[in-house]
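Have a look at the structure below before the remarks.
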Amino acid sequence: SDTAPGHSQISYKILKWAWENEDGPWRKAIAVALRKPNKADYSNPRAYRLITLLECLGKVLEKIVARRLTYLAGKHGLIPTTQFGGLANSCTADAILSFTNDIQAAWNHGLVTSALSFDIKGYFDFVNHNRLLCELRRKRIPLQYVRWTASFLSNREAAVCIDGVRGQMKPVKNGIPQGSPASPILAAYYTAQLLELFNTSTNDPQPPYNIPPPSIDIRKHKCTRTNLFMYVDDGMLAVSSTSLDINTSILKSAYEKTEAWLKSAGLSADVTKRELMHYSKRRKDNSNPSITFNDSDGVTRTVTPEATVRWLGVYFDRKLSFDRHIKILASRGENAVAALTMLANTVRGLNQSHLRNLYISCVTTKIFYASPAWWKGTKKQTIPLEKVQNRALRLICAAFRTTPITALEIEASIPPVKHQLDLLTKRCAIRFNKLSTKSSIIQRLPDSWRANQPPSHPPPLPTKQSTTRSHQKKTTTLTSIATYTSPQHERIDPYLYPPWRRTPSSFNNRLLINSCNPSVDNETRINQHQNLVNNLQQRGDALAVYSDGSQVQLKYGFRRTGGAAVGYHRQKEIFATKMGLGGHAEVYDGEMAGLMMAATQAISYVNANPDLHIRHIHFFADNAAAVQSIFDPKPRSAQQYAHVFHVKITQFLDTYLDATINISWCPSHCNITGNERADELAKEATKLASSAPSGMTRSNALRRAKAKTLNMWRKE
1 SDTAPGHSQI SYKILKWAWE NEDGPWRKAI AVALRKPNKA DYSNPRAYRL ITLLECLGKV
61 LEKIVARRLT YLAGKHGLIP TTQFGGLANS CTADAILSFT NDIQAAWNHG LVTSALSFDI
121 KGYFDFVNHN RLLCELRRKR IPLQYVRWTA SFLSNREAAV CIDGVRGQMK PVKNGIPQGS
181 PASPILAAYY TAQLLELFNT STNDPQPPYN IPPPSIDIRK HKCTRTNLFM YVDDGMLAVS
241 STSLDINTSI LKSAYEKTEA WLKSAGLSAD VTKRELMHYS KRRKDNSNPS ITFNDSDGVT
301 RTVTPEATVR WLGVYFDRKL SFDRHIKILA SRGENAVAAL TMLANTVRGL NQSHLRNLYI
361 SCVTTKIFYA SPAWWKGTKK QTIPLEKVQN RALRLICAAF RTTPITALEI EASIPPVKHQ
421 LDLLTKRCAI RFNKLSTKSS IIQRLPDSWR ANQPPSHPPP LPTKQSTTRS HQKKTTTLTS
481 IATYTSPQHE RIDPYLYPPW RRTPSSFNNR LLINSCNPSV DNETRINQHQ NLVNNLQQRG
541 DALAVYSDGS QVQLKYGFRR TGGAAVGYHR QKEIFATKMG LGGHAEVYDG EMAGLMMAAT
601 QAISYVNANP DLHIRHIHFF ADNAAAVQSI FDPKPRSAQQ YAHVFHVKIT QFLDTYLDAT
661 INISWCPSHC NITGNERADE LAKEATKLAS SAPSGMTRSN ALRRAKAKTL NMWRKE
């Protein structure tokens, strides 16, 4: 743009130039050496992790670029979904569920699985800048982002700080700063090619790494393709066949190929962190074959299977019982509760409310880590965790040791452990509806989760061997969790809009959102609203549109929801519309649906009556959350209504360049004509059949899961 600059004299040309460059002071950082936990020798430099402290202002720009690179990766599938770190809508729980699903699917087919975990040594510190830039260009990342990345990585300086003693600034010619918001996604791009070589659908000219060596008869041993899971720098190679010895041969070949690729990328695997585990429930598999590697340093090392292996914070055993994992979680929980005793006792310290919050935020997150993957609903699993919670309850309530735990649970409003684990599993299932169809989780679920389309990146084996009755009974943890939800429920697209979507600020004050002001008393709000409406009614070029959502409770706890909208022009009602949402929606969904209908009807009225020259539409709703989120279709509840509203309003403002839009909160049940009329229509809409675009909404599913947990607790 050639717009003249303001007082600062910073023009758009300067900003465009600066966009491709990182400012000088932002390139300097302090690298703090933090001790890695549970290391035997802290004189070894590898026992420390360098965390880079960067300028806060620089992090703002880095976070903007990181979000855009993450969106491009997810939207266009630039990084295989078997990379679970650094990407949006992906976490360690997804990696663990995908991995255990493949093991259990192999068991359902009568096969055994072997897995070799490894760690990339000094991953962030050894990223080669030129290769990273070449990888971004290979992925066809827009040139301005590549140039920014080149500027971000060049001419960097860092001073190492150990135990408060800071060294001199020295140039950093390799690696990416571990502490920058942009580092995780850049690291994910760096190893994307390695993961692609283990995928079935790859266009890389190199032969895929997931095929067993030619010396192994694939059909005879029913070998699956080798799968590679990664979470940033933590990798796991897994393969299934009829024999553990065959598995070890395939894993050795796959690891050697992986190691060769890492070497070509300037990386290397940590030979001291390799772990091997065989997963089998067959009684005849008593052997534990190991793998011998001739490492690049000339040393021959043998990796022998242990009783358990640790990957992504979870301890896996041969039969996936997770017994040791639960014991370790309980031990960590005991230590955390013991730490709480230093903050409060029966005489002084934090009050009960604060102790309860600390327990929920600091202790339960430890003892329930990755619970959807290991929770089987057995008493054996809850006993160690109940001991942790019982001790915490006595501390929170300052109760005697002989006080019944049931009374303490009610007093502290903390459900029993088994109900909390059930709720976490249901919430995990509800989250599946927020995942992209390209996600590794969705790729392992039935075709109904992908609009009846086969998986684009299929897992090594389907969950069940055949459709016979005996095989239909076999399942996996992942498919069992998925039964708590349905693909027909509200689906949320994480990549529906890019981070650079148009926001209210994009329209130069032509679109204003006015939420509730808590500092103003209700009477003042009513007077202000009435004055505003009176002014709108006197204008011939303005519409006043009210929307509302309503929910009525029927017998047996059943509820029905509806939404409605009504429009006024010069004190005359020009349209009224309503929609039934049925019994699987919440009031918030009704409010969002009402605003969506309000925008649709109002703009249709403007287009149908061009002679009125209406150029201003003022929307009113009595739900502050709906007012704030209706023009922001992020991946959250009621995204489908926000999407329609966003499209309609954007088209209206682009068509009429002199038009303006206001979205305001208004007081409810205060004899405001428009609001009372919309409320009346919304109540009538609750009696209508559902015309919602999807089944159960996300907000309704979450409420039902919580309500069911409370009901089960009450019955006890």
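Everything in the sequence shown is counted per UniProt numbering, starting at 1 for the first residue and increasing by one. Each residue gets a CB set at the ideal place from its N, CA and C atoms; glycine is no exception.
The C-beta distance from Leu355 to Leu395 rounds to 7 Å, short enough to meet the 8 Å contact threshold. Take Ser439, set aside five residues on each side of it, and the residues of its chain with a beta-carbon closer than 6 Å to its own are Thr81, in chain order. From the listed residues Thr483, Thr600, Pro384, the smallest Cα separation to Ile430 is found for Thr483. The beta carbons of Lys434 and Ile492 sit closer together than 8 Å. Taken through DSSP and simplified to helix, strand or coil, Thr300 comes out as strand.
Taking every protein chain shown into account, the CB of Val60 has fewer than 16 other CB atoms within 10 angstroms, so this residue is exposed. Judged by beta-carbon spacing, Ala265 lies within the 8 Å limit of Asn128, meaning their Cβ atoms are closer than that value. In this structure, the beta-carbon distance from Tyr71 to Pro499 falls below 8 Å. For Glu55, no alpha helix (DSSP H) encloses it, and the DSSP letter there is neither H nor E. Shown here, Leu340 sits in a helix according to DSSP, grouped into three states. Counting of Cβ neighbours within 10 angstroms places Asn335 among the exposed residues, the total staying below 16. By the beta-carbon neighbour count (other beta carbons within 10 angstroms, threshold 16), Phe558 is exposed.
Nearest to Glu716 by alpha-carbon distance, out of Ala407, Ser353, Ser506, is Ala407. A check of alpha carbon separations from Thr403 across Pro415, Asn390, Ala542 identifies Asn390 as the nearest.
For Asp654, the enclosing alpha helix (DSSP H) stretches over residues 639 to 655. Straight-line measurement puts the Cα of Lys464 at about 55 Å from the Cα of Gly567.
Remark: C-beta atoms of Ile216 and Ile246 approach each other more closely than 8 Å. DSSP links Glu157 through a beta bridge to Lys28, Pro171.
Secondary structure note for Asp234: its beta strand (DSSP E) is the uninterrupted segment 234 to 241. Annotation for Gln639: Ile492, Pro633 place their beta carbon closer than 6 Å to its own, counting only its chain and skipping 5 residues before and after.
8 Å or more divides the Cβ of Tyr656 from the Cβ of Met596. In terms of CA proximity to Pro610, Ala542 leads the group Thr650, Ala542, Ile176.
Within the same chain, Asp295, Arg301 come within 7 Å of Val271 by CB-CB distance, once the 5 residues on both sides are set aside.
According to the DSSP assignment, Glu523 belongs to no beta strand (DSSP E) but to the alpha helix (DSSP H) extending over 522 to 538. Asn108 places its beta carbon 8 Å or farther from that of Lys376.
Rounded to whole angstroms, the gap between the alpha carbons of Ser117 and Asn44 is 23 Å. Put simply, the stretch 252 to 261 does not touch the stretch 140 to 148. Fewer than three CB pairs are less than 8 Å apart.
Residue range 511 to 514 is occupied by the beta strand (DSSP E) that includes Leu511, with no alpha helix (DSSP H) assigned at that position. For the 8 Å CB-CB criterion, Lys319 and Asp119 do not form a contact. For His616, the enclosing beta strand (DSSP E) has its first and last residue at 616 to 621.
Leaving aside the five residues that flank Asn101 on each side, the residues in its chain whose CB is nearer than 8 Å to its CB run, in chain order, Arg444, Pro459, Thr463, Thr476, Thr477, Leu478, Thr479. Taking C-beta atoms as the reference points, Asn675 and Asp548 count as a pair closer than 8 Å.
Contact annotation: Ala95 and Leu237 have beta-carbon atoms that are not nearer than 8 Å.
Our two residues, Lys263 and Ile328, have alpha carbons roughly 36 Å apart in a direct line. Taking 8 Å as the cut-off, the Cβ atoms of Lys648 and Thr709 do not count as close. Around the beta carbon of Met169, fewer than 16 other beta carbons sit within 10 angstroms, so the residue counts as exposed.
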